[in-house]
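A quick write-up on the structure given underneath.
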Amino acid sequence: MIEQAWIIAIIPIVAWLIIFLFAKALKEKVAYVGILAMGISLLLSVLTFSEALGGTVEKSFPWAVVGDIKIPVGFQVDPLTAVMLLVITIVSLMVQIYSVGYMHGDVRYAKYYAIVSLFSAAMLGLVLANNFFWLVLSWEIMGLSSYLLISHWYEKPEAAAAGMKAFITTRIGDIGLLLGTIMLFVYTHSFEFNVIAEKIHAGEINQGIVTVAALLVFAGGVGKSAQFPLHVWLPDAMAGPTPGSALIHAATMVAAGVYLVARAYGIFVATPYALFWVALIGGFTALFAATIATVMTDIKKVLAYSTVSQLGYMMLGLGAGSYTAGIFHLMTHAFFKSLLFLGSGSVIHAVHSQEMHEMGGLRKKLPITYWTFLIGTAALAGIPPFSGFWSKDEILLAAYRSPYPVLFWMGVATAGLTAYYMTRAVILTFFGQPRDHHKYEHAHESPPVMTVPLVILATLAAVSGLPGSPFLHNAFGEFVKFGHGHEAEPSSFVMIIAISAALLGVLAGVAIYGYKVISREKAIRSWRPLYLVLKNKYYVDEFYMAIFVRGTVLLAEIVGFFDRYIIDGLVNLVGWLGMQLSFLSGLFDKYVIDGMVNGVAAITMALGNSARRLQTGFVQSYAITLFAGVVIGLILIQLIGG
Amino acid sequence: MSYLPILPEIVLTAAILFLTLVVVFYQGENRNGVMMTGTIFGLSVTLLTLAFVPPFAGYLFSGMLTLDGMAFFFRWLFPAVGLFVAFMAREFLEVKKAENPGEFYVILLLAILGMMLMASSGDLITIYLGLELTSISSYILAGYLREDPKSGEAAIKYFLMGALASGVLLFGMSLFYGLTGATNLVSISGILHQVGAPPLVLAAMVFLIIGLGFKVAAVPFHMWAPDAYEGAPTPVTAFFSVGPKAAAFAAIIRVFTDGLSSLVWEWSLAFAVLALITMTLGNLTALWQKNVKRMLAYSSIAHAGYIMVGLAAGTWQGTVAMLLYLLAYVFTNLGIFAVVTALGNREGKDELTDFTGLSQRSPYLAAALVVFFLSLIGIPFTAGFFGKFLLFGAAVQSGLVWLALVMAVNSAISVGYYYTVVRNMYLVAPKNKGALPVAGELKLVVTVALLVTLILGLFFEPVLGRLVAFTLPG
Amino acid sequence: MNLQLLAFMILSLVTLGAAFKVITARFITHAALYLALSFVGVAGLFLLLNADFLAAVQLLVYVGAITTMLIFAVMLSQVEEIRQGAAEEGFWRRILSARFGVIPLAVAAALAGVILYLYRFANWKAVPVAPDPNTTRSIGQAMFTTYLIPFEVASLVLLVAMIGAIVLTMKKEDRSR
Amino acid sequence: MIPLFYVLVVSTLLFALGVYGALLSTNAIRILMSIEMILNAVNLNLVGFGRYITPSDPRGQIFAIFVMTVAAAEAAVGLAIILVIARRYGAAAIDRVRMLKG
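Protein chains in written order, with numbering that gives the first Met the number 0: chain A, 0 to 641; chain B, 0 to 473; chain C, 0 to 176; chain D, 0 to 101.
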């Protein structure tokens, strides 16, 4: 199977086509097409994975040859790809099964399944690609599908806006990736990861160029993986359907950025600068987003910022030098975060609200959702022995062993905050007294089609950390590693710190929200400025609005002004000066000295004429530009060329 | 001397003369339809001839013509453009009650002949004559709706500015003649390689850059374009935005890579600067437009800026990228204008608000328009992506990373105004309810353009391979 | 000063002076007549440069065709303002205004200045060879051999101009013959 | 023989006068005349270069003949367009023709 692994990405595309073409005939049966396709892909991924344990495969053919530019088409299956294939297909399958219940009766049911299939196909293609060219192609397709998925309910203005925001914000990063790709190509004459890495390893490329290229590639990861400062799209993207969010924010889109850095690790390790920036941005994002998550009251927003924060964690792991840790956390996170999103979807489905302050006491009404959500929380908070604990521990270990201790403490602080805000979310949602009785009365557990995926994912969230634990001799690290892999030796200090941070967070959450030992209101009151800053997400959106959006508008206005007024304005200015001159030195102009009456009339008319001419549309202005351009061009070329 | 290689041009000329007679002597009711059929027949035969004439590469008629791969590319492209525009024109001329619908097609064919000549010129004289044949036809086409004051205004502005720019271009050509004693591009190139770059040669080059830069509407010589595009009849606007523009790029490639190859450093720098301001200003101004034709005018200015990046690269890879991008741009833009024509034939005002609710009134046109916009933005698996990708590559290869960066930022900005249309189509309730009646030939044009956009996005390799074979040096 | 140079000076003055009057003449019909005079001056210069055939063509095309066409168009126009030709303000009155005085003057003068400055230092590889005594014959020969393609295209340019002029100006009634 | 430079001075001045007229006048017909002056300047250049640079080759004169042909065609089409415009705007005053802007 491993020899034909590319089929895994083709199957969802076929599903997409079938849904696209026969949407009307199939009605809600389209779901089975998508689920069946993803099921087959999952099966093939398992086969591929088992074969990949034996060895890696890479196949490549020239697709287009343009002189000395060879654009390849090819795929590879190495441990990284094998793991990613499994993660993507599992999460996507669970999401699609779950959606049968969640999206039931939706106006654009078929379109939803079509896009989910396309989305999965793009991500699968991305992890299978063995070269930058196809990676960029899949990357762009994924960007487009994310736009469609996020603005699925485009009647809602915020959904339409969020889709656009995601599309444009990530595109800024994409520009970096594209340029990085081209730059690497220009210097190595190859798009293929392995060839590029080899050439760089052999020292054929200048260090400075490698650094710039690596940072450009990283920019792509920053955009897609919602790292600071391009994180703003992700929380808004919650306007999309919740299972879609689970797909985007757990296994596909956002994971792509982390995957990219891992895939291009050969470029990053060649230059210390690049990795340092990856770690710094990752660590900062992790802490930054975690603080925001502590004050969000919308359950999906909490999870959204938590996603941003955890992605930062993965980047931190990669940047701190542990390839294995970053990918390990990517995997465990995919399971527990999709579980949490689907769980929150189940809650939203039940109470028709996303506000945690309108929930409460739901554990009795939604027992399955409650228990699975709790497992997800434990995994995310890093409570042993759930999966998140093991992967986080690896990352903290890597940060601890890195030359920058600040990274380690950033990670620890984030871990504490994570435990705190998740505890808060669980307590607000499932414990205490119902705060909205009307909603509480109507709440009921979701149908099996939704709860079964929850249970499966909960199982995975609980146990998927074990392959990376000492119990299984760090099997994951033996399998997924960069080069020869050099695992940092375990440190009981790190483990103790990690566990205490998590427990501290949980305790704080319980103390404030469970037993009200500390009054929430009082805390908010005494820390009001800080609270406001967090509540407004550090005003990043406002800042962007002011700088970029208004800036562009301003620039466009200036340009439009130039186009419209400057030429004519200049003309009029000179005209005005000339007129003043002719007025003052009236002796030279018989029409002015003909008499005060005539003079005043002439000036008034001329002024009116000038005002009229503030509008463009004058051929003469165009002609003046043409010939003035000639004169300026002639002079410039002599200055430059001479 | 063999006339066989230019048989397509001869066929087209014969078609023009025949159709002129038809216009004069045919007095039936359906002149418009008859002339369209004749035009399409003439262009089809031209294309067929082109396909079956044995390939020929070299100089013809004492170096007046250069028939090479690039010439073949454009000689094939321009009649295809003509087919699209002819299909778009019939219903439009009928709806707008144009007084002499028949002559429209004759003039269109003459313009196409001029464009084909420009692309296969080997001499300044033939370039000039081809350019003027195209330009004079274009002035007439712009003013074709005599009763529409906007059309007349477009014509007069286009004419006056075009004639002045031709004067500038011609002055530069006369200087090159004086400096080298030759008008043949190959001879000029040879002499310039000995002469180097004295000040006057550079000055003459500036005249050529500005004269031709005007024709492709490079900022700051673009000001005529939005006025001419908005005022001209919509099928003519479609033609302007692809035909004469592509032909002017063909002439630019001819003059600068064939004739002024020794000055590549100087002119690539000039085009880099022009490309920078052209794309930036075009995109930023497009954000502000209310009229869809005017918006598309600025969009096409911006695209001319992108294409100039290939010139700025100054390498054969840049030329390949330009040709591929032109191909993608031409068909995508024709598709867009077919939709605009279909809508304008019913609504009549060409405002952005006319697009409201198009997804309900004509889902096919709306979806096609979205694909065309994606292609213009440069999304993968549409024709526009590979063109942009190659342009990026050519720029980076020539060390113009900054230009590639600006281009990438620009294509992000352009999402803004395309999105306005998409939002109007899908998210805003329609102003006029009811399905939009669309003429069959317009649907055909949209479909063909859509197919080209998508097929070129998926299977660009054969086309690219041929383009490379065409432009590879030596 | 030899006679040739004197003739050159006089013809140049006529050409440029008439050209200047084209710009400054108040009535458009006067401007058209000055334009004809300027073209005659250019034809004279062509003669001095041994381009006798071209001088004849110049007289035929410019003076005989273009100027006549302009004058006829002005005189026969049904638009009062064109026929009267008094639409524009006087030249001297506008010379001090910006759009119609200072800026055009500055641009045109700068253009002439820069070009002349560059000419001053140009190194023309002039060939001091006696001119072809029979230019008409050699032009005719070249026109139908070397320049056959441009010749044909030029005829198409005239064709399109003819059709275009008819389409744009023909009255509606004409169609219903 | 008259120095080439003198010829070039005359042609340059004629060119500049044409440019000046085109920028100065509001009358489209006068602008058309100015364009004809520019083309004449180019022809003078071509003939002058032909006389001094390639005396045995009639290339320059032939180029000039083509320019004249095109000039005639351009003038005819230009006049036709001006007449269409003049019917609408009542005059050949080009600065009134400004529906299309911004």
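Just so you know, even glycine gets a beta-carbon here, dropped at the ideal spot from N, CA and C.
As computed with DSSP, Q75 (chain A) is found in a beta bridge with A:E57.
What F4 (chain D) touches in chain B, judged by beta-carbon distance under 7 angstroms, is nothing: the nearest beta carbon there is about 12 angstroms away. The three-state secondary structure of T168 (chain A), taken from DSSP, is helix. It is roughly 17 angstroms from the alpha-carbon of R58 (chain D) to the alpha-carbon of Q57 (chain C). Straight-line spacing of the CA atoms in L20 (chain B) and Y104 (chain B) works out to 12 angstroms. Below 8 angstroms, enough C-beta pairs join the stretch 148–161 of chain C and the stretch 133–152 of chain B to call them touching: three or more. At a cut-off of 8 angstroms between beta-carbon atoms, I80 (chain D) makes contact with chain B. In the DSSP annotation of this structure, the continuous segment of the beta strand (DSSP E) that includes T65 (chain B) starts and ends at L64 to L66. Per the coordinates, the alpha-carbon of T355 (chain B) lies some 14 angstroms from the alpha-carbon of G347 (chain B).
Between T48 (chain B) and chain C, the shortest Cβ-Cβ separation is not below 8 angstroms. G139 (chain C) and S173 (chain B) have their C-alpha atoms some 21 angstroms from each other. The stretch 327–347 of chain B makes contact with the stretch 436–445 of chain B; the number of CB pairs closer than 8 angstroms reaches 3 or more. At least 8 angstroms separates the CB of L127 (chain A) from every CB of chain C. The three-state reading of DSSP puts N129 (chain A) in coil, since its state is none of H, G, I, E or B. Straight through space, the alpha carbons of G504 (chain A) and G281 (chain A) are spaced by roughly 21 angstroms. Annotation for L184 (chain B): the continuous alpha helix (DSSP H) segment containing it runs L184 to V194. Restricting attention to B:A162, B:S165, B:T179 and B:A428, the CA atom closest to the CA of S358 (chain B) is found in B:A428.
Contact of A21 (chain D) with chain A by beta-carbon distance below 7 angstroms involves A622.
Note on V106 (chain A): under 16 other CB atoms within 10 angstroms of its CB, so exposed under the neighbour-count rule. Chain order gives the chain A residues near V18 (chain D) as F626, where near means a beta carbon separation below 8 angstroms. No Cβ-Cβ contact shorter than 8 angstroms links L84 (chain A) with S49 (chain A). In this structure, A15 (chain D) keeps its C-beta atom at 8 angstroms or more from the C-beta atom of L34 (chain C). Per the coordinates, the alpha-carbon of W138 (chain A) lies some 30 angstroms from the alpha-carbon of T284 (chain B).
A residue is called buried once 16 or more other Cβ atoms fall within 10 Å of its Cβ, and S397 (chain B) is buried on that count. In the DSSP assignment, L59 (chain B) falls within the unbroken beta strand (DSSP E) covering G57 to L59. Contact check between the stretch 2–15 of chain A and the stretch 107–125 of chain A: three or more CB pairs, one atom from each, fall below 8 angstroms, which counts as touching. Against chain D, the beta carbon of L4 (chain C) has neighbours under 7 angstroms at I1, listed in chain order. Closest in C-alpha terms to N133 (chain C), from the list C:L115, C:F52 and C:G112, comes C:F52. Closest by C-alpha distance to M142 (chain C), out of B:I124, B:F206, B:F158 and B:Y228, is B:I124. Per the C-alpha coordinates, the member of B:N29, B:S1 and B:G37 positioned closest to A14 (chain B) is B:G37.
Sequence-ordered contacts of the stretch 628–639 of chain A with chain C read V629, V630, L633 and I634 [C-beta pairs closer than 7 angstroms]. In summary, the residues of the stretch 174–191 of chain A whose CB is separated from some CB of chain B by less than 8 angstroms are I174, L177, L178, I181, M182, F184 and V185, in the order they occur in the chain.
Scanning chain B for C-beta atoms nearer than 8 angstroms to the C-beta of A159 (chain A) yields R422 and L426, reported in chain order. Around the beta carbon of Q226 (chain A), 16 or more other beta carbons sit within 10 angstroms, so the residue counts as buried. Assignment of N290 (chain B) by DSSP, reduced to helix, strand and coil, places it in the strand class.
Cβ atoms of I1 (chain D) and L47 (chain C) come within 8 angstroms of each other, at about 7 angstroms.
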